[in-house]
Amino acid sequence: MSRNFLVVDPEAGMPVLKGLASPARVSVLKLLHEKGPLNVNEIADILDLPQSSVSTNVQMLEEAGLIRTETQRARKGNQKLCHSIYDEVLVVFKNEIKETEPDAIEVSMPLGLYTSFEVTAPCGLCSVDGIIGLLDVPDTFLDPDRMKAALIWFTRGYVEYQFPNNARLTNTSVREVEFVMELSSEVPGTSADWPSDITVTVNGVDIATWTSPGDFGDKRGVYTPDWWKLKGSQYGKLKSFRVNDDGAFVDGLRISNVRLADLKIEDHHSIRLRVSVRNDARHPGGINIFGRGFGNYDQDILLRLKRR
Numbered sequence: 018m019s020r021n022f023l024v025v026d027p028e029a030g031m032p033v034l035k036g037l038a039s040p041a042r043v044s045v046l047k048l049l050h051e052k053g054p055l056n057v058n059e060i061a062d063i064l065d066l067p068q069s070s071v072s073t074n075v076q077m078l079e080e081a082g083l084i085r086t087e088t089q090r091a092r093k094g095n096q097k098l099c100h101s102i103y104d105e106v107l108v109v110f111k112n113e114i115k116e117t118e119p120d121a122i123e124v125s126m127p128l129g130l131y132t133s134f135e136v137t138a139p140c141g142l143c144s145v146d147g148i149i150g151l152l153d154v155p156d157t158f159l160d161p162d163r164m165k166a167a168l169i170w171f172t173r174g175y176v177e178y179q180f181p182n183n184a185r186l187t188n189t190s191v192r193e194v195e196f197v198m199e200l201s202s203e204v205p206g207t208s209a210d211w212p213s214d215i216t217v218t219v220n221g222v223d224i225a226t227w228t229s230p231g232d233f234g235d236k237r238g239v240y241t242p243d244w245w246k247l248k249g250s251q252y253g254k255l256k257s258f259r260v261n262d263d264g265a266f267v268d269g270l271r272i273s274n275v276r277l278a279d280l281k282i283e284d285h286h287s288i289r290l291r292v293s294v295r296n297d298a299r300h301p302g303g304i305n306i307f308g309r310g311f312g313n314y315d316q317d318i319l320l321r322l323k324r325r
């Protein structure tokens, strides 16, 4: 079963660390994880804490992106229902992902060169020069101009790419497969607190489900063109998905027992990558995929095959 996890870089994730820097807030997180959604009064009763203290701590956890809340009608007025977002929170000191390695075969795939898709609205594509086709019309994903796409977004569904298996062409033995891409959630407008479960599948095998924390629009992406409205999605997180003989990894963190042998790389002339938000996702918060000319990283989807 997929687990929802948050990888925190201490240099960029100080609000999360502050949110965890309290025994009371940690107790609230553990309680929500174990019991499921609870309102503030229920949390206060179970933890034997003042209601005012719980309200303050819930607000701090929400601001840190560690929980989400929704307002529901109660017998008397409204109540705030609190939901746990993550199963695990991990603090990792990360280095920048290397762009090239001497023992690697790399292929860069433009966003618009997907070989199949199934998406639901809101959805769309755009190039560095403007919108492609019609917004929120899934059939636009068939537009020939999709080849120019530098940003793709949809609510649920998938896009699938077929990479050439250059290791097979050169009779090279592979010890690791890695995909690197810039991703975020998708919400009308933007919201830093909008979790979305994004699943990465290789050759029909699910290797990872990463929970994107939000849809980022607080500042313009480094490469996002000026014509793109500032209130729209601006950038994502650069994510590394790797599979080797030891398992599957996201940003260097082992998350599943899927191994390289399960992908049967040597049996296929191509390597199929599917990026999806499933209908049964716990957090179906949509997806943005950023390519060359958009976001904070001037690159398309990168496949890296590492030689033995």
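Here the working numbering is used: the first residue of the sequence shown is 18, the next is one more, and so on.
For every residue, glycine included, the Cβ atom is placed at its ideal position computed from N, Cα and C.
| Query | Result |
| --- | --- |
| Can you tell which of 100, 145, 187, 139 has the C-alpha that lies nearest to the C-alpha of residue 286? | 187 |
| Among residues of its own chain, excluding the 5 on either side of residue 36, which ones have a beta-carbon nearer than 7 Å to its beta-carbon? | 42, 77, 78, 81, 83 |
| At what residues does the beta strand (DSSP E) containing residue 304 begin and finish? | 304-307 |
| Should residue 61 go down as buried or exposed, given a rule of 16 or more other Cβ atoms within 10 Å for buried? | buried |
| Could you tell me whether the Cβ atoms of residue 133 and residue 199 are closer together than 8 Å? | no |
| Please determine if the stretch 302-309 and the stretch 208-227 are in contact, where contact requires at least 3 C-beta pairs separated by less than 8 Å. | yes |
| Would you kindly check if the distance between the Cβ of residue 175 and the Cβ of residue 135 is under 8 Å? | yes |
| Taking just the CA atoms, how far does residue 54 sit from residue 100? | 5 Å |
| I believe residue 3 touches residue 294 by the beta-carbon criterion, under 8 Å. Please report the beta-carbon distance rounded to the nearest angstrom. | Because the chain in this structure spans residues 18 to 325, residue 3 falls outside the shown range and cannot be described. |
| Report the start-end ranges of each alpha helix (DSSP H) in the stretch 205-285 that is 4 residues or longer and not cut off at the edges. | 277-280 |
| Just curious, the beta strand (DSSP E) that residue 33 is in, first and last residue? | Counting along the chain, residue 33 falls outside any beta strand (DSSP E), though it belongs to the alpha helix (DSSP H) covering 31-37. |
| Helix, strand or coil: which one does DSSP assign to residue 185? | helix |
| Strictly by DSSP, which residues pair up with residue 143? | 148, 168 |
| Since I believe residue 74 is in contact with residue 45 (beta carbons under 8 Å), could you give me their beta-carbon distance rounded to a whole number of angstroms? | 6 Å |
| What residues in its chain sit with their C-beta under 6 Å from that of residue 315, if we drop five residues either side in the sequence? | 240, 309 |
| Applying the 10 Å Cβ sphere with the 16-neighbour rule, what's the burial state of residue 3? | This structure cannot settle anything about residue 3, because the visible part of the chain is limited to 18 through 325. |
| Would you mind sorting residue 33 into buried or exposed? The rule is 16 or more other CB atoms within 10 Å of its CB. | buried |
| Determine the burial state of residue 280: buried for a count of at least 16 other Cβ atoms within 10 Å of its Cβ, exposed for fewer. | buried |
| List the whole-angstrom C-beta distance separating residue 108 from residue 27, where the pair is believed to meet the contact cut-off of C-beta under 8 Å. | 6 Å |
| Starting from residue 198, follow its DSSP beta bridges and name the residues at the other end. | 256 |
| Give me the Cα-Cα distance between residue 97 and residue 153, rounded to the nearest whole angstrom. | 32 Å |
| What are the start and end residues of the beta strand (DSSP E) that includes residue 86? | 84-90 |
| Assign residue 164 to buried or exposed, taking buried as 16 or more other Cβ atoms, counted over all protein chains shown, within 10 Å of its Cβ. | exposed |
| Got a sec, what are the start and stop residues for the alpha helix (DSSP H) residue 74 sits in? | 68-80 |
| From residue 18 to residue 204, what distance separates their C-alpha atoms? | With a pLDDT of 36 at residue 18, under the threshold of 50, the predicted position of this residue should be treated as unreliable, though the coordinate-derived value follows. Rounded to whole angstroms, residue 18 to residue 204 spans 26 Å at the Cα level. |
| Count the other CB atoms, across all protein chains shown, that sit within 10 Å of the CB of residue 232; report buried if there are 16 or more and exposed otherwise. | buried |
| Between the C-alpha atoms of residue 141 and residue 313, what's the straight-line distance to the nearest angstrom? | 20 Å |
| Residue 247 to residue 207, Cα distance in whole Å? | 10 Å |
| Under three-state DSSP, which class holds residue 154? | coil |
| Can you tell which of 228, 57, 68, 137 has the C-alpha that lies nearest to the C-alpha of residue 173? | 137 |
| Could you name the residues that DSSP lists as bridge partners for residue 320? | 124, 196 |
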